[in-house]
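Visitor: Numbering (the numbering used here), first residue to last: 902 to 1333.
1) Quick one: give me the first and last residue of the alpha helix (DSSP H) that residue 1293 is part of.
2) What's the C-alpha gap between residue 1126 and residue 1079?
3) Could you pull out every residue in the same chain whose Cβ sits closer than 7 angstroms to the Cβ of residue 882, ignoring the five residues on either side in sequence?
4) Compare the Cα-Cα distances from residue 1083 to each of 1169, 1031, 1314, 1255 and report the closest residue.
5) Kindly indicate the opening and closing residues of the alpha helix (DSSP H) around residue 1248.
6) Any contact between the segment 1206-1217 and the segment 1083-1093? By contact I mean 3 or more CB pairs, one from each, below 8 angstroms.
7) Quick one: what's got a C-beta closer than 7 angstroms to residue 1252's C-beta in the same chain, skipping five residues either side?
8) Closer than 6 angstroms by C-beta to residue 932: which residues in its own chain qualify, once you throw out the five before and the five after it? Chain order, please.
9) So, is residue 1225 buried or exposed, given that buried needs 16 or more other C-beta atoms within 10 angstroms?
10) Cα separation between residue 1064 and residue 1234?
11) Under 8 angstroms: do the segment 1101-1121 and the segment 968-977 share three or more Cβ pairs, one atom per stretch?
12) Over the uninterrupted alpha helix (DSSP H) stretch that includes residue 1262, give me the two end residues.
13) Taking one C-beta from the segment 939-946 and one from the segment 1216-1225 each time, how about it: are there three or more such pairs within less than 8 angstroms?
14) Going by beta carbon distance, what residues of the same chain come within less than 6 angstroms of residue 1131, once the five residues before and after it are set aside?
15) Between residue 1255 and residue 961, which are expected to be in contact by the criterion C-beta below 8 angstroms, what is the C-beta distance as a whole number of angstroms?
16) How close, in whole Å, do the beta carbons of residue 1194 and residue 1165 come, if the pair is a contact with beta carbons under 8 angstroms?
17) Give the single residue among 1073, 1094, 1037 whose Cα lies nearest to the Cα of residue 1231.
18) How many angstroms separate the CA atom of residue 1288 from the CA atom of residue 1314?
19) Following a CB-centred definition, is residue 1130 positioned closer than 6 angstroms to any heavy atom of the ligand FAD?
20) Output the distance between the C-alpha atoms of residue 1154 and residue 1142, rounded to the nearest integer angstrom.
21) Let me know if residue 1260 comes out buried or exposed under the rule of 16 or more other beta-carbons within 10 Å of its beta-carbon.
22) Please return the same chain residues whose Cβ sits closer than 8 angstroms to the Cβ of residue 1278, not counting the five positions on each side in sequence.
23) For the alpha helix (DSSP H) containing residue 1186, list its first residue and its last residue.
24) Could you compute how far the alpha carbon of residue 1068 sits from the alpha carbon of residue 1040?
25) DSSP three-state call for residue 1080: helix, strand or coil?
26) Taking all protein chains shown into account, decide if residue 1071 is buried (16 or more other Cβ within 10 angstroms of its Cβ) or exposed.
27) Hey, could you find the ends of the alpha helix (DSSP H) residue 922 is sitting in?
28) Roughly how many angstroms separate the alpha carbons of residue 989 and residue 1116, rounded to a whole number?
29) By Cβ distance, which residues of its chain are closer than 7 angstroms to residue 1318, with the 5 residues on each side in sequence left out?
30) Starting from residue 1054 and walking both ways along the alpha helix (DSSP H), at which residues does that stretch end?
31) Ignore the nearest five residues each way along the sequence and tell me which others in residue 909's own chain have a CB closer than 6 angstroms to its CB.
32) Ordered along the chain, which non-local residues of its own chain (more than five positions away) have a Cβ less than 7 angstroms from that of residue 1328?
33) Answer yes or no: do residue 1324 and residue 951 have a C-beta to C-beta separation smaller than 7 angstroms?
34) Could you pull the start and end residues of the alpha helix (DSSP H) that residue 1177 belongs to?
35) Determine whether the beta carbon atoms of residue 1308 and residue 1177 lie at a separation below 7 angstroms.
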């Protein structure tokens, strides 16, 4: 399955690079996501099924580094390829490593007999319902914020998602052989692990997205420059990996998780004091905090959620666990988009009113000469001056909205600390 998914990912990447139209590119990206979605759950499944128990901590750490390093290091590689080669190389670069992975897996791993009888028991209706639900939810989360969550299309799609998701959950809980065993969430450890994974996804993907937006729209950086700034988080994560692996078997899982989520939350909130002049120096230490925290967030949650199941149930549990992290990322980004779209116009209008009243603090926020504002109403502004001021005011308003988004993400991580007392020191294994 892993070799097939890798080969499918390679083929989809090639199709993306050779796409003759935007519509073809979208279709190829869908296939790339379909096959890519199989890979990370398969890796975590292999950790708990193929790796001897004494070595699972190291293997989990390596898998976690690989899974979480991509969102922070990917923008650097993508920016460099886009600026020095062409966008096609963002996809072409996957081909050779992908083929090496396929050949290595086929040559080194023992082939297991598949349970083809299980295919005949697959609940196709539940599969289709969840496919409609997740695809619709993904579109809704990406597009609805731009439409201010209004309009017939948004309302209709939200209704479709509710119906498909509701019927899918009902069937998954009622049929004899469900496509997805949602009953796993009745186990406290698995539910807590998935909840922490959801929050981590919101913070990880949301922070990369929000910081990239700020650097591009407010600071005006190129994709390569944005990628270079984002590597700080990845570098800190690599430095922390040996420490996290060592501590994971020796310290209380609750303490490690508390450390990780508190540090990550602090790193998010620290970004919430940015100004329109904030750049690498001001963004360095918040990124370091998040990089140091990532594995302390992931490793205990992974073991809590996956180390409890018999080997034949790990694969499905791993899929749900990773789905929750990706779903958290999608919802986190949608929340960020909603905040930026809804709050920025108000901030801009407020700044304009304060500037017209001669407020020097508003002038400082917009990067305007403070000495020209004396808390007295300004006179008429000529068109040239207005054209110069408007972009600065828009950037200042967007910065204020970004800061609010940082605070909300950070607050979510500190709320996660309330879940930690329910964790046990070690996962309680399920034997049946």
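Note that the Cβ used here is the ideal one computed from N, Cα and C, for glycine as well.
Guide: Quick look at the numbers:
1) Unbroken alpha helix (DSSP H) run through residue 1293: 1284-1317.
2) Going by the C-alpha atoms only, they are around 47 angstroms apart.
3) No information on residue 882 is available, as it lies outside the stretch 902 to 1333 that the chain covers here.
4) For residue 1083, the closest C-alpha among the options 1169, 1031, 1314, 1255 is that of 1031.
5) Counting along the chain, the alpha helix (DSSP H) containing residue 1248 begins and ends at 1212-1257.
6) Yes: at least three Cβ pairs fall under 8 angstroms.
7) Correct list, in chain order: 1263, 1266, 1267, 1294, 1297, 1298.
8) Closer than 6 angstroms at the Cβ level, and outside the excluded window around residue 932, lie 913.
9) A residue is called buried once 16 or more other Cβ atoms fall within 10 Å of its Cβ, and residue 1225 is buried on that count.
10) If I take the Cα positions, the gap works out to 23 angstroms.
11) Judged by Cβ distances under 8 angstroms, the segment 1101-1121 makes contact with the segment 968-977, as three or more pairs qualify.
12) In this chain, the alpha helix (DSSP H) harbouring residue 1262 covers 1261-1267.
13) Three or more beta-carbon pairs drawn from the segment 939-946 and the segment 1216-1225 are found closer than 8 angstroms, and the two stretches are therefore classed as touching.
14) Closer than 6 angstroms at the Cβ level, and outside the excluded window around residue 1131, lie 973, 976.
15) At roughly 52 angstroms, the Cβ-Cβ gap does not stay under 8 angstroms, so residue 1255 and residue 961 are not in contact.
16) Contact between residue 1194 and residue 1165 is confirmed by a C-beta separation of about 4 angstroms, below the 8 angstroms threshold.
17) Closest in C-alpha terms to residue 1231, from the list 1073, 1094, 1037, comes 1037.
18) Separation of residue 1288 and residue 1314 (C-alpha to C-alpha, rounded to the nearest whole angstrom) is 41 angstroms.
19) By its list of ligands, the structure shown contains no ligand whatsoever, and the ligand FAD lies outside what it can speak to.
20) Spanning the two alpha carbons is a distance of roughly 16 angstroms.
21) Residue 1260 sits buried, since 16 or more C-beta atoms from the chains shown fall within 10 Å of its C-beta.
22) Result list for residue 1278: 1257, 1258, 1259, in chain order.
23) Run containing residue 1186: 1181-1207, per the alpha helix (DSSP H) assignment.
24) For residue 1068 and residue 1040, the distance between alpha carbons rounds to 20 angstroms.
25) Here residue 1080 sits in coil by DSSP.
26) So residue 1071 ends up on the exposed side.
27) For residue 922, no alpha helix (DSSP H) segment is defined, and its DSSP state is neither H nor E.
28) Computed Cα separation, rounded: 24 angstroms.
29) Excluding residues within five positions, the ones whose Cβ falls inside 7 angstroms are 1159, 1162, 1163.
30) Here the alpha helix (DSSP H) through residue 1054 covers 1053-1075.
31) Cβ within range, chain order: 936.
32) Confidence at residue 1328 is low in this model, with a pLDDT of 48, below 50, so its placement is unreliable and no value can be given for it.
33) For residue 1324 and residue 951, no; Cβs fall outside 7 angstroms.
34) First-last for residue 1177: undefined, no H or E at that position.
35) No.
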